[in-house]
Amino acid sequence: MNQDNFKQIAWIYDLHRMGRDVVTAGDASIVYQRVLRHIVDGFEADSGSLALLDHAGNNLTIVAGIDLPDGVIGKQITPGEGVLGWVVKENTPLLLNGDASSDARFQRRSERRRAAAATSAMCWPLKIEKSSIGGIAVNRSISATVS
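Per the numbering used here, residue 1 is the first one in the sequence shown, and the count goes up by one each step.
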């Protein structure tokens, strides 16, 4: 096994272990933040967000974030609102390259987040069996380089 394969397996194992920690942790928000940090770092991204659906499936709550504006963690969004809301509502992963602010699919009803340079983003829905539980997004600024 070469070193790259070993690193990939170790990364996946660490993610699995963190997921198990959610069950035993007294404060799930700390575990959510650790898991998101691990994923953002693993994809060499600059920022990210993790949102979970409430039990009724009516709202997504942002439960963890890396390099997000103040006040975003804890904010609720409707499935279908913004990029992550669209991914969860449509149950479809998405890869974005460039500025998606003019794409009608991702319009927000609420205030705009801070102006930022065009980015690339990977977003995917989170599911347990066939039930949607939320979504995750990792973002890279346009100036970031891939190693």
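No residue lacks a Cβ here, since even glycine has one placed at the ideal position from N, Cα and C.
DSSP bridge partner residues for residue i (one or two, in chain order)
i, result
"I66", "G48"
"L53", "L60"
"A7", "Contrary to the premise, residue 7 reads as Lys rather than Ala in this sequence. Per DSSP, none; premise fails for K7."
"N97", "S120"
"G42", "Note: G42 sits in no beta bridge, so no partner."
"I136", "L50, W124"
"S141", "T119"
"Q76", "T61"
"S131", "I128"
Short Cβ contact (7 Å threshold) for residue i with residue j
i, j, result
"D46", "S120", "no"
"A137", "L84", "yes"
"L36", "L50", "yes"
"V63", "L52", "yes"
"I30", "G48", "no"
Neighbourhood of residue i by C-beta, 8 Å cutoff - its chain only, sequence neighbours within 5 removed
i, result
"P93", "V87, M122, C123, W124, P125"
"T78", "N58, N59, L60, G85, R109"
"T145", "Residue placement at T145 is poorly supported in this model, since its pLDDT is 49, which falls under 50; the coordinates still yield a value, given next. Closer than 8 Å at the Cβ level, and outside the excluded window around T145, lies no residue."
Chain-order list of residues whose beta-carbon lies under 7 Å from that of residue i (same chain, five-residue window excluded)
i, result
"K127", "I133"
"R112", "The predicted model places R112 with a pLDDT of 48, which falls under 50 and marks its position as unreliable; any figure quoted below should be read in that light. The answer is none, since no qualifying residue turns up."
Beta-carbon contacts of residue i that lie in its chain and below 6 Å, excluding the five residues immediately before and after
i, result
"R114", "With a pLDDT of only 46 at R114, under the threshold of 50, the placement of this residue in the model should not be trusted; the figure read from the coordinates follows. For R114, where only same-chain residues beyond five positions count, the Cβ hits under 6 Å are P69."
"F43", "V138"
"Q33", "A64"
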